[in-house]
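Colleague: So the sequence shown is numbered by our numbering: it starts at 15 and just counts up by one. The beta carbon of each residue, even a glycine, is placed where N, CA and C say it ideally should be. The structure's right below; bear with me while I get my questions together.
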Amino acid sequence: MRVALHTRVRADRVGEYERAHREVPAGLTDAIRAAGATSWTIWRSGTDLFHLLECEDYARLLAALERLPVNIAWQARMAELLDVVHDYSEGGAGAGLPVVWEL
Numbered sequence: 015m016r017v018a019l020h021t022r023v024r025a026d027r028v029g030e031y032e033r034a035h036r037e038v039p040a041g042l043t044d045a046i047r048a049a050g051a052t053s054w055t056i057w058r059s060g061t062d063l064f065h066l067l068e069c070e071d072y073a074r075l076l077a078a079l080e081r082l083p084v085n086i087a088w089q090a091r092m093a094e095l096l097d098v099v100h101d102y103s104e105g106g107a108g109a110g111l112p113v114v115w116e117l
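See the structure below:
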């Protein structure tokens, strides 16, 4: 399945956010893949961040990552940089952007 998400970086932390994503811990990327993700791309337009995530089951992915120490540490770091964060709770599974059109 494909899931599109929207988050927002703080205007004064854009550079730090981009630097952090050049150094995503291997333990986190391994955990994301093990949870069923096959790809995850983030685009930035100003402070708006748009994610496209391809995975087997988004709700299951969130459940697998929510309590992992490597993800908890990463999310704490991201919380310092973001105005709108990615929701890893059970309720976050419904946070995907609705499809309006597709070719």
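With a threshold of 8 angstroms, are at least 3 pairs of Cβ atoms found where one atom belongs to the segment 100 to 114 and the other to the segment 32 to 48?
Modeller: With a cut-off of 8 angstroms, the segment 32 to 48 and the segment 100 to 114 do not count as touching, because too few Cβ pairs lie within range.
Colleague: Sorted by chain position, which residues of the same chain lie with C-beta nearer than 6 angstroms to Leu66's C-beta, five sequence neighbours on each side aside?
Modeller: Excluding residues within five positions, the ones whose Cβ falls inside 6 angstroms are Ala18, Thr55.
Colleague: Give the DSSP-derived three-state secondary structure of Trp88 in the structure shown.
Modeller: Three-state DSSP puts Trp88 in a helix.
Colleague: Measure the Cβ-Cβ separation of Leu75 and Leu96 and say whether it is below 9 angstroms.
Modeller: Against a cut-off of 9 angstroms, the Cβ pair of Leu96 and Leu75 comes out as no contact.
Colleague: Once the 5 residues before and after Val99 are set aside, which same chain residues still bring their CB inside 8 angstroms of it?
Modeller: Contacts found: Thr21, Gln89, Met92, Ala93.
Colleague: If you draw a straight line from the alpha carbon of Glu68 to that of Asp44, how long is it in whole angstroms?
Modeller: Distance between the alpha carbons of Glu68 and Asp44: 15 angstroms.
Colleague: With burial defined as no fewer than 16 other Cβ atoms inside 10 Å of the residue's Cβ, what is the status of Leu117: buried or exposed?
Modeller: Exposed, by the Cβ-count rule.
Colleague: What are the boundary residues of the alpha helix (DSSP H) that includes Leu76?
Modeller: Per DSSP, Leu76 belongs to the alpha helix (DSSP H) from 72 to 80.
Colleague: What's the C-alpha gap between Ser59 and Asp26?
Modeller: Using only the alpha carbons, I get a separation of about 14 angstroms.
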